[in-house]
Each structure stands twice: as C-alpha cells, then as structure tokens.
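Novice: No gaps in the numbering here: position 20 of the sequence shown is 527 in our numbering, and each next residue is one more.
Let me begin by handing over the structure; questions about it come next.
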Amino acid sequence: SYEWNIEPVEAGTISGNDLIGTVEWDLSYLGYAYISVKAINECGESDYSDAFEVTVDNTVGISNESIKNKEFLIYPNPVDNLSNIEFKLQHKSSVSIVIYNSLGQEAFVLLNKTILDSGSHKLTVDVSGFEEGIYYCMLTTSDKKITKKLIIIK
C-alpha cells in the first residue's frame with residue numbers, strides 16, 4: 508500500500524492508499540503545496556518520495572452535479588485526428604480553452620480570454636499533429652474551471 512502526504516497541511520487533505528492520491532484543496536489556500544508518497548509492505552516502509560510541487564491559485568470547486576449536466580464535452584475520446592469540444596455558458600463570459608500535455612506544459616491554445624455569449628458552443632480541434640498520449644483540456648470561464656482528459660491515439 509501507499510501513504511500520501513501533502514505539505515503544508517493548510518493546503519488541503521490527501522487520501523488514498525493505492526497508486527492514486529486524491530487531494531481536496533482548501534478553497535482559501537493559495538501558494539505552493541508539496542505532495543509525496545511512500546510505499547508500505549510486510550518488509551517495512553520506504554522514505555517519502557521527492558515532493559511534487561503544485562501551485563495552488565484561485566481554486567474553483569466544481570460540483571459533481573455540474574459535471575453530470577454535461578457542461579463540457581470532448582468527443583470522440585480517444586481521438587486520432589479531429590475532436591469536438593462542446594460547452595455551455597450560463598452567461599456572457601471570457602473563455603479560455605487550453606490543452607496541456609501530461610507534464611502540465613501548454614500544448615495548444617484554442618481560445619484565449621475570448622468573450623463569448625451565453626449558450627452552447629462547439630469547437631473542432633485537429634490533434635493529428637500531436638504525439639500519442641494523455642492530454643488535459645482546461646476550460647476556464649469568468650467563474651469556473653473544468654478540466655477533462657483527452658487521449659490521443661495513432
């Protein structure tokens with residue numbers, strides 16, 4: 508099993524005893540947080556891993572209900588060439604949509620603080636030039652951030 512740790516404790520709580528740790532961020536915390544993990548088995552336990560640094564800046568809570576309402580869709584997913592991105596806005600808003608690689612590096616900017624009216628919107632993105640792998644598509648509006656996984660296959 509594994510034991511997860513987050514520092515400082517004011518940043519939030521981390522849970523998990525497997526390969527996946529889940530963080531519940533304290534919405535009032537801003538700054539750096541450091542996440543580490545150690546393995547535990549019948550022979551003992553390891554030292555904690557080198558800490559992974561996370562910058563916590565203006566966290567936004569997204570309820571499971573809003574995700575269930577399909578406010579932000581990516582399809583087909585996995586994809587090899589063209590993917591559709593659909594989202595709904597409750598009101599006129601500044602919108603950014605950025606695709607990040609698995610290292611958190613910006614791979615592609617679809618929209619950059621573009622003002623869009625309320626309602627449904629659909630974009631098509633050509634990912635045929637991307638390397639195969641897991642990417643993250645982040646939708647940022649004036650009042651929320653939603654991130655969805657995008658899997659590119661060849």
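All residues carry an ideal CB built from backbone N, CA and C; glycine is no exception.
(1) Could you check the C-alpha separation between H628 and D554 for me, to the nearest Å?
(2) Would you check if the distance between the CB atom of S603 and the CB atom of L657 is smaller than 8 Å?
(3) Considering only the beta carbon of each residue, do L537 and D564 sit closer than 8 Å?
(4) Taking Cβ to Cβ, would you say I659 is nearer than 8 Å to Y642?
(5) DSSP has L623 in a bridge; who is on the other side?
(6) Is the segment 597-611 touching the segment 624-639, taking contact as three or more C-beta pairs under 8 Å?
(7) Can you check whether the CB of E578 is closer than 8 Å to the CB of I653?
(8) What does DSSP give as the partner residues of A540 in its beta bridges?
(9) Report all residues from its chain with a CB closer than 6 Å to the CB of S649; omit the five preceding and five following residues, and keep chain order.
(10) Should C644 be labelled buried (16 or more other beta-carbon atoms within 10 Å of its own) or exposed?
(11) Roughly how many angstroms separate the alpha carbons of I617 and S543, rounded to a whole number?
(12) Pull up the distance between the alpha-carbon of G528 and that of V634, whole angstroms please.
Specialist: Let me lay it out:
(1) For the purposes of this step, residue 628 is taken as the residue at position 121 of the sequence shown. For the purposes of this step, residue 554 is taken as the residue at position 47 of the sequence shown. The straight-line gap from Cα to Cα measures roughly 48 Å.
(2) Translated into positions along the sequence shown, residue 603 becomes position 96. Translated into positions along the sequence shown, residue 657 becomes position 150. No, they are not a contact pair.
(3) The residue you call residue 537 lines up with position 30 of the sequence shown. The residue you call residue 564 lines up with position 57 of the sequence shown. Yes, these two residues count as a Cβ contact at 8 Å.
(4) Mapped onto the sequence shown, residue 659 falls at position 152. Mapped onto the sequence shown, residue 642 falls at position 135. Yes, these two residues count as a Cβ contact at 8 Å.
(5) Numbered from 1 along the sequence shown, position 116 holds the residue referred to as residue 623. S600.
(6) yes
(7) One-based indexing of the sequence shown puts residue 653 at position 146. One-based indexing of the sequence shown puts residue 578 at position 71. Result yes, Cβ atoms of I653 and E578 sit closer than 8 Å.
(8) Reading the sequence shown from its first residue, position 33 is the one you call residue 540. Answer is V561.
(9) The sequence position of residue 649 within the sequence shown is 142, counting from 1. Taken in chain order, the residues that qualify are S600 and S601.
(10) Within the sequence shown, the letter at position 137 stands for residue 644. Counting Cβ neighbours within 10 Å, C644 comes out buried, since at least 16 surround it.
(11) If you number the sequence shown from 1, residue 617 lands on position 110. If you number the sequence shown from 1, residue 543 lands on position 36. Contrary to the premise, residue 617 reads as Leu rather than Ile in this sequence. Each residue's alpha carbon lies about 33 Å from the other.
(12) Position 21 of the sequence shown, counting from 1, holds the residue named residue 528. Position 127 of the sequence shown, counting from 1, holds the residue named residue 634. For G528 and V634, the distance between alpha carbons rounds to 30 Å.
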